[in-house]
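**Q** In the numbering used here, the protein residues as written are 336 to 646. Have a look at the structure that comes next, please.
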């Protein structure tokens, strides 16, 4: 009896272990952003997505586990020849993701190797279409062309290339030296152009300043001459007005009897002074006559004044 009990216990334990094994084999948890390709008797059965999934133990097998995340792979450095026959060493980074796990499993043996090799050949082909200078200037356009051609060829693999970035483009050392010389010459040329433009601008500023200075000086001289002329004219007018007022005053005074006497006295005094001056400075002795006597001169002047007053 104890032997039978032990046997039954052993069978139960074995059945329990078998049940646990079957349960574990039938229940599968697929991670997020992953897909499992399931085969039944060696033939494709289904693609299991993220979450809990059930399989038939022993019958169903997971043949491939594909990540649906974006993946990045280094494209090894390789030699490429440009359109102008310059050898370059180029490497890059390839970004892609699996869109169809079925095609990625059955459409190609190793989709990572296939896409990497395709990126290398496409890059060599595109670089061969452009010249050396364009490889540095049109890197973005070159990347876009490589991505477009890879996607066109890899559509049957269930893989989509998102980006391709060229990391380094390394020309031969001789080309690097010549490029450095060219860049140095270009920098010197630009420096000379900037220097000459600065000198030109400085010369223009100096000439403009001198021009403005001459214009201002000419305007100042013109203004000074105008002011001087206006001052002289005002002075002449003032002198003329003063003389006119003096003559008017003298004329009004001379029209009176007292004025006539004053004029006669003044004329006589000036005649006597004139004779004294002539006699003092000249060696010639002038004898008085009737026409040169002071009284005669005064009489003549008086007659002229009377005639003027009558007029």
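Where is the CB? At the ideal position from N, CA and C, for every residue including glycine. None of the values given here were measured: they were computed from a predicted structure.
For residue 424 and residue 386, I'd like the C-alpha separation in whole angstroms.
**A** So the two alpha carbons sit approximately 45 Å from each other.
**Q** Take residue 435 and list the residues in its own chain whose beta-carbon comes closer than 6 Å to its own, dropping the five residues that flank it on each side.
**A** Taken in chain order, the residues that qualify are 493.
**Q** At the level of alpha carbons, what is the spacing between residue 345 and residue 359?
**A** Going from the Cα of residue 345 to the Cα of residue 359 covers about 21 Å.
**Q** Just curious, the alpha helix (DSSP H) that residue 453 is in, first and last residue?
**A** Taken as a continuous stretch (DSSP letters only), the alpha helix (DSSP H) holding residue 453 covers 446-462.
**Q** Just tell me which of 416, 495, 384 has its CA closest to the CA of residue 463.
**A** Looking at the Cα atoms, 416 is the closest of the given residues.
**Q** Using the C-alpha atoms, what's the distance from residue 525 back to residue 508?
**A** If you take the alpha carbons of residue 508 and residue 525, they lie about 25 Å apart.
**Q** Is the Cβ-Cβ distance between residue 433 and residue 412 less than 8 Å?
**A** The answer is no: Cβ separation not under 8 Å.
**Q** Count the other CB atoms, across all protein chains shown, that sit within 10 Å of the CB of residue 625; report buried if there are 16 or more and exposed otherwise.
**A** Confidence is the limiting factor: at residue 625 the pLDDT is only 48, short of 50, which leaves the residue's position unreliable and the question unanswerable from this model.
**Q** Assuming residue 397 contacts residue 371 under a Cβ cut-off of 8 Å, what Cβ separation, rounded to an integer in Å, is found between them?
**A** Confirmed, Cβ separation roughly 5 Å.
**Q** In this structure, what does DSSP give as the bridge partners for residue 389?
**A** Paired residue(s): 362.
**Q** From residue 565 to residue 557, what does the alpha carbon distance come to, in whole angstroms?
**A** Taking the straight line from one Cα to the other gives about 12 Å.
**Q** Taking residue 505 as the reference, give the member of 422, 452, 373 with the closest Cα.
**A** When only C-alpha atoms are compared, the closest one is 422.
**Q** Which residue marks the beginning of the beta strand (DSSP E) containing residue 502, and which one marks its end?
**A** Note, residue 502: beta strand (DSSP E), 494-505.
**Q** When burial is assigned at 16 or more other CB atoms within 10 Å of the CB, is residue 544 buried or exposed?
**A** Exposed is the call here.
**Q** Roughly how many angstroms lie between the CA atoms of residue 486 and residue 404, to the nearest whole one?
**A** Rounded to whole angstroms, residue 486 to residue 404 spans 17 Å at the Cα level.
**Q** Okay, do the region 434-448 and the region 463-482 touch, 3+ Cβ pairs below 8 Å being the bar?
**A** Not touching, per the Cβ criterion.
**Q** Can you find the residues in the same chain that come closer than 6 Å, C-beta to C-beta, to residue 622, ignoring five residues on each side of it along the sequence?
**A** Confidence at residue 622 is low in this model, with a pLDDT of 47, below 50, so its placement is unreliable and the value that follows should be read with caution. Counting only Cβ-Cβ distances below 6 Å, and skipping sequence neighbours, we find nothing.
**Q** Helix, strand or coil: which one does DSSP assign to residue 489?
**A** Coil, per DSSP.
**Q** What does a CB cutoff of less than 8 Å around residue 461 pick up in its chain, not counting 5 residues either side in sequence?
**A** Hits under 8 Å: 477, 480, 481, 484.
**Q** Exposed or buried, residue 647, counting other C-beta atoms within 10 Å across all chains shown (16 or more means buried)?
**A** The structure shown has nothing for residue 647, since the chain only spans 336 to 646.
**Q** So, for residue 584: in the same chain, excluding its five sequence neighbours on each side, which residues have a beta-carbon less than 6 Å away from its beta-carbon?
**A** If we look at residue 584 and ignore the five residues flanking it on each side, it has no Cβ neighbours.
**Q** How big is the Cα-Cα spacing for residue 627 and residue 578?
**A** Here residue 627 scores only 49 on pLDDT, less than 50, and its place in the model should not be relied on; the value that follows carries that caveat. For residue 627 and residue 578, the distance between alpha carbons rounds to 30 Å.
**Q** Note down the Cα distance separating residue 498 from residue 390, rounded to an integer number of angstroms.
**A** For residue 498 and residue 390, the distance between alpha carbons rounds to 37 Å.
**Q** Report the residue from 378, 373, 377, 383 whose alpha carbon sits nearest the alpha carbon of residue 365.
**A** Of the listed residues, the one whose Cα sits closest to residue 365 is 383.
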